[in-house]
Amino acid sequence: MNRRSFLTTTAATAVAATAGLPLRAAEPMKVGFIYVGPVGDMGWSFQHDQARQAAEKALGGKVKTTYMESVPEGPDAERALTQLALQGNQLIFATSFGYMDAVVNVAKKFPKVKFEHATGYKRADNLGTYDARFYEGRAIQGYLAGKMTKSNKIGYIGSFPIPECVQGINSAFVAARKVNPDVEIKVVWAYTWFDPAKEADAAAALIAEGCDVIMQHTDSTAPQAKAQEAGNVYTFGQASDMSAFAPKPRIGSTIDNWTPYYTKRFTDAVEGKWASDATWGGIASGMVEIGEITSAVPDDVKAGALELKDKIAKGYHPFTGPLNKQDGSVWLKDGETPDDGVIAGMNFYVEGIKAELPK
Amino acid sequence: MIRLIRRPTPSKFWSWTTPILAVVATMIAGGLLFALLGKPPVEAIRTIFWEPLFGDNADYFRGQLLVKAGPLILIASGLAVGFRAGIWNIGAEGQYIMGAICGAGLALAVYPAESPWLFPAMVIAGAIGGFLWGMIPALLKVWFGTNEILVSLMLVYVAQNLLAYMAFGPMKNPQGMGFPGSRNLQQYPSAFNEELIPGTGAHWGVLAALVAVIAIYVLMQRHIMGFRIRVAGEAPRAARFAGVVPARLVVFCLGLSGALAGLAGMFEVSGPSGQITDGFNAGYGFTAIIVAFLGRLHPVGILLAGLLMALTYIGGDMAQMMLNLPSAAIQVFQGMLLFFLLGFDLLTNYRVRLGGARA
Numbered sequence: 001m002n003r004r005s006f007l008t009t010t011a012a013t014a015v016a017a018t019a020g021l022p023l024r025a026a027e028p029m030k031v032g033f034i035y036v037g038p039v040g041d042m043g044w045s046f047q048h049d050q051a052r053q054a055a056e057k058a059l060g061g062k063v064k065t066t067y068m069e070s071v072p073e074g075p076d077a078e079r080a081l082t083q084l085a086l087q088g089n090q091l092i093f094a095t096s097f098g099y100m101d102a103v104v105n106v107a108k109k110f111p112k113v114k115f116e117h118a119t120g121y122k123r124a125d126n127l128g129t130y131d132a133r134f135y136e137g138r139a140i141q142g143y144l145a146g147k148m149t150k151s152n153k154i155g156y157i158g159s160f161p162i163p164e165c166v167q168g169i170n171s172a173f174v175a176a177r178k179v180n181p182d183v184e185i186k187v188v189w190a191y192t193w194f195d196p197a198k199e200a201d202a203a204a205a206l207i208a209e210g211c212d213v214i215m216q217h218t219d220s221t222a223p224q225a226k227a228q229e230a231g232n233v234y235t236f237g238q239a240s241d242m243s244a245f246a247p248k249p250r251i252g253s254t255i256d257n258w259t260p261y262y263t264k265r266f267t268d269a270v271e272g273k274w275a276s277d278a279t280w281g282g283i284a285s286g287m288v289e290i291g292e293i294t295s296a297v298p299d300d301v302k303a304g305a306l307e308l309k310d311k312i313a314k315g316y317h318p319f320t321g322p323l324n325k326q327d328g329s330v331w332l333k334d335g336e337t338p339d340d341g342v343i344a345g346m347n348f349y350v351e352g353i354k355a356e357l358p359k
Numbered sequence: 001m002i003r004l005i006r007r008p009t010p011s012k013f014w015s016w017t018t019p020i021l022a023v024v025a026t027m028i029a030g031g032l033l034f035a036l037l038g039k040p041p042v043e044a045i046r047t048i049f050w051e052p053l054f055g056d057n058a059d060y061f062r063g064q065l066l067v068k069a070g071p072l073i074l075i076a077s078g079l080a081v082g083f084r085a086g087i088w089n090i091g092a093e094g095q096y097i098m099g100a101i102c103g104a105g106l107a108l109a110v111y112p113a114e115s116p117w118l119f120p121a122m123v124i125a126g127a128i129g130g131f132l133w134g135m136i137p138a139l140l141k142v143w144f145g146t147n148e149i150l151v152s153l154m155l156v157y158v159a160q161n162l163l164a165y166m167a168f169g170p171m172k173n174p175q176g177m178g179f180p181g182s183r184n185l186q187q188y189p190s191a192f193n194e195e196l197i198p199g200t201g202a203h204w205g206v207l208a209a210l211v212a213v214i215a216i217y218v219l220m221q222r223h224i225m226g227f228r229i230r231v232a233g234e235a236p237r238a239a240r241f242a243g244v245v246p247a248r249l250v251v252f253c254l255g256l257s258g259a260l261a262g263l264a265g266m267f268e269v270s271g272p273s274g275q276i277t278d279g280f281n282a283g284y285g286f287t288a289i290i291v292a293f294l295g296r297l298h299p300v301g302i303l304l305a306g307l308l309m310a311l312t313y314i315g316g317d318m319a320q321m322m323l324n325l326p327s328a329a330i331q332v333f334q335g336m337l338l339f340f341l342l343g344f345d346l347l348t349n350y351r352v353r354l355g356g357a358r359a
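Residue numbers (this note's numbering), protein chains in the order written: chain Y, 1 to 359; chain L, 1 to 359.
As structure tokens, then:
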């Protein structure tokens, strides 16, 4: 193609585009995703990827999605996001907290592209955030843990001491204490989202300390395998159902169901109705689901857990006063519930947790 | 039968041909790998090697190539000097980390003071950090005859732990909501290693890499030190007679390569990365060893090898996105490059004879 014919074709394309002529039969809108782990992590990234596929299917050819997996949080994330934007993706999802600065930078450079950042708190006109109230699921895990533990020691594998994890620890502990006043919680920080070796070590350490129920805020099934080895330890599926480990050690799970949300956001974008906002869904909206509670759990305990789930779905807040902070000061008075801002920035333990929160 | 006959001197022809052969072999074996994964092999290879240079949006990716190649070239050109003298610094990764910690540490210590002297001071601090970390194996070797390969490699792990400690402890961003990692230096104008010309990807580190290539070329070809280094590597006994002091050579080589690796780390943390984080070191120090050998330990060769290596990173990302190749396949692909290079190096030092031994 010589330069002149190139120019004329470009001009023709431009004219056709402005005139709104369907040059090519309505091309699907491109949507991109970056994941912090491999899509096969069977936890966090796996759930996002399942939802991506389901939402793409639901839109029936109106969108075309691509993804990049195992994108480290840092400069590589910025390049990956830029790459997605340059490739013509109109809507881009960054699905890990640590992508925050990268997605803010790239959103600034591409004002016409829409971005969504999972679990973040920085927004712009073309950058929305979305998150799930995982702590609601943790309350049910806490209830089960409090009932099922014999050693009265619950272990918690934390990823990073950020509000999202602190919410989970507090929520689980509050619910467990309600049904078992002697229960204690031990926390190990893995400082990773996905690292089977580290997660297995953390689980082994907790089991060695006498914990017989283990919750995890990391994405692999390594802790489940460790618990299975130990034999008398219960666990919960994290992010995905992890039902391969049912009925024991896995006795329940908190499932992140992003499909309705992605489907809605895809549709909004296709119809030109997308606007930046902060979504925070829970059990009521179906973003947080409770996986099957297995036969390893006595019937009355299972019924109690499901009752709690219904209560939460109907508006009961897992953090309902009276609740004190770890230092003994009053956090919530009788019947009081915190506002979302306090939950989103939660940086303290509730009374009764003996561990120290890394600052 | 195949027989190998040692060449009296390494073949000049093969020494420059093997890198090209290795690249071609990697393309073929990589293509096979991709085909086995059910991806179009030619398309994948084309995406990796062509797309970032001449594809759509190449303007952006060429810049990113410099961002990736800069630190690789800077580190590798320092390493090559030592390798020529038979002094094996395997711990550039550690020196890279220490340079970043020292450079960023200085900036974080004086935050938020603005001064035009801050950045130059950080450059010096970064170089000193890497230099001192390189001095540990150097002095241990000189004084106690320890093996610099082991000591420098082990010090990488020490540096990594120090990095994690910094990211979770003293250097943690007080406004980071508990997430590990320092303040982002990109948001600190005096410390930000910005692109010199916007959009080109070229920051001070890329310029430094070019200067290093030229300086080391001059050093090796025109300076008495370069002569000593070459003699020491090729004929250690002759070097003794020529008045080369081995101790001085060890200190010089490890100090120089340490300082250059430290500089690379400092330019990275103040620029593309912006933050001291647990996973800040992305393996540049180890990849640089491949680059040094791929470039035949020659500054100009290293320049080209660094760009080629960067191409496999950027192109690999693109292949992942456009063809849904798993990220692990790209890493295998990069590993093959070194594997084939070392394999074909046989041809440099040996003649291959086909047929049985003649009586």
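Every residue gets a Cβ at the ideal spot worked out from N, C-alpha and C, and that includes glycine.
From a predicted model like this one, the values you see are computed outputs, not experimental measurements.
State buried or exposed for residue i, treating a residue as buried only when at least 16 other CB atoms are found within 10 Å of its CB.
i: Asp327(Y); result: exposed
i: Lys226(Y); result: buried
i: Pro247(Y); result: exposed
i: Pro318(Y); result: buried
i: Met1(Y); result: Low local confidence applies: a pLDDT of 39 at Met1(Y) is under 50, so the model's placement there is unreliable, and no value is given.
i: Asn347(Y); result: exposed
i: Pro272(L); result: buried
i: Arg248(L); result: exposed
i: Leu23(Y); result: For Leu23(Y), the pLDDT reaches just 44, beneath the cut-off of 50, and the residue's location in the model is therefore unreliable, although a value from the coordinates is still provided. By the neighbour-count rule (16 or more Cβ atoms within 10 Å), Leu23(Y) is not buried but exposed.
i: His223(L); result: exposed
i: Asp182(Y); result: exposed
i: Asp299(Y); result: exposed
i: Gly181(L); result: buried
Could you tell me how far apart the beta carbons of residue i and residue j are, in whole angstroms, since I believe they sit closer than 8 angstroms?
i: Val213(L); j: Val300(L); result: 7 angstroms
i: Leu106(L); j: Gly205(L); result: Contact doesn't hold; Cβ gap of about 16 angstroms is too wide.
i: Leu323(L); j: Glu114(L); result: Not confirmed; about 46 angstroms, so no contact.
i: Val123(L); j: Leu263(L); result: 7 angstroms
i: Ser159(Y); j: Thr218(Y); result: 5 angstroms
i: Leu72(L); j: Ala319(L); result: With 8 angstroms as the limit, Leu72(L) and Ala319(L) do not qualify as a contact, their Cβ atoms being about 20 angstroms apart.
i: Gly360(Y); j: Ala175(Y); result: Nothing about residue 360(Y) can be read from this structure; chain Y reaches only from 1 to 359.
i: Phe173(Y); j: Val350(Y); result: 6 angstroms
Three or more C-beta pairs below 8 angstroms linking the region 193-204 of chain Y and the region 146-161 of chain Y: yes
Minimum length 3: unbroken beta strand (DSSP E) runs contained in the region 36-98 of chain Y: 63-68, 91-94
Contact set between the region 345-357 of chain Y and chain L, restricted to residues whose Cβ is under 9 angstroms from the partner: Gly345, Asn347, Leu357
3-residue-minimum beta strand (DSSP E) runs that sit fully inside the region 1-30 of chain L, ordered along the chain: 2-6
Complete runs of the alpha helix (DSSP H) confined to the region 119-155 of chain Y [at least 4 residues]: 134-148
Sequence ranges, alpha helix (DSSP H) only - wholly within the region 132-215 of chain L, length at least 4: 148-168
Near-chain L residues of the region 166-177 of chain Y (beta-carbon distance less than 9 angstroms), N- to C-terminal order: Val166
Segment contact, 8 angstroms Cβ cut-off, at least three pairs: the region 164-171 of chain Y with the region 221-240 of chain Y: no
Contact residues within the region 256-276 of chain L, judged by C-beta distance below 9 angstroms to chain Y: Glu268, Gly271, Pro272, Ser273, Gly274, Gln275
Cβ contact check for the region 50-69 of chain L and the region 83-101 of chain L: 3 or more pairs under 8 angstroms: no
Alpha helix (DSSP H) segments (min. 4 residues) lying fully within the region 289-344 of chain Y: 299-313, 340-344
Where the region 300-317 of chain L meets chain Y: residues whose CB sits under 7 angstroms from a CB there: Asp317
Continuous alpha helix (DSSP H) assignments of at least 4 residues falling wholly in the region 237-304 of chain L: 246-270, 284-294
Given 8 angstroms, three or more beta-carbon pairs between the region 283-293 of chain L and the region 92-105 of chain L: yes
Cβ pair count under 8 angstroms reaching 3, the region 233-248 of chain Y against the region 179-190 of chain Y: no
The region 72-80 of chain Y touching the region 277-286 of chain L, judged by at least three CB pairs closer than 8 angstroms: yes
Completely contained alpha helix (DSSP H) runs for the region 163-216 of chain Y, where each covers 4 or more residues: 163-179, 196-208
Near-chain Y residues of the region 57-85 of chain L (beta-carbon distance less than 7 angstroms), N- to C-terminal order: Asn57, Tyr60, Gln64
Near-chain L residues of the region 80-91 of chain Y (beta-carbon distance less than 8 angstroms), N- to C-terminal order: Ala80, Thr82, Gln83, Leu84, Leu86, Gln87
Validate contact between the region 110-124 of chain Y and the region 54-63 of chain Y using beta carbons, cut 8 angstroms, 3 pairs: no
Near-chain L residues of the region 142-162 of chain Y - C-beta to any C-beta below 8 angstroms: Phe160, Pro161, Ile162
Inter-stretch contact (C-beta, 8 angstroms, three-pair minimum) for the region 251-262 of chain L and the region 168-175 of chain L: no
Start-end ranges of the alpha helix (DSSP H) lying completely within the region 91-116 of chain L, minimum 4 residues: 92-110
Cβ-based contacts, 9 angstroms cut-off: residues of the region 183-210 of chain L near chain Y: Asn184, Gln186, Gln187
At least three beta-carbon pairs within less than 8 angstroms, the region 226-236 of chain L to the region 134-153 of chain L: no
Cβ contact check for the region 335-353 of chain Y and the region 323-334 of chain L: 3 or more pairs under 8 angstroms: no
Residues of the region 324-342 of chain L whose Cβ lies closer than 9 angstroms to any Cβ of chain Y, in chain order: Asn324, Pro326, Ser327, Ala328
Given 8 angstroms, three or more beta-carbon pairs between the region 49-60 of chain Y and the region 257-264 of chain Y: yes
Cβ-based contacts, 8 angstroms cut-off: residues of the region 205-229 of chain Y near chain L: none
3 or more residues per run - each beta strand (DSSP E) lying fully within the region 229-258 of chain Y: 234-239, 250-256
Near-chain Y residues of the region 277-291 of chain L - C-beta to any C-beta below 8 angstroms: Thr277, Asp278, Gly279, Phe280, Ala282
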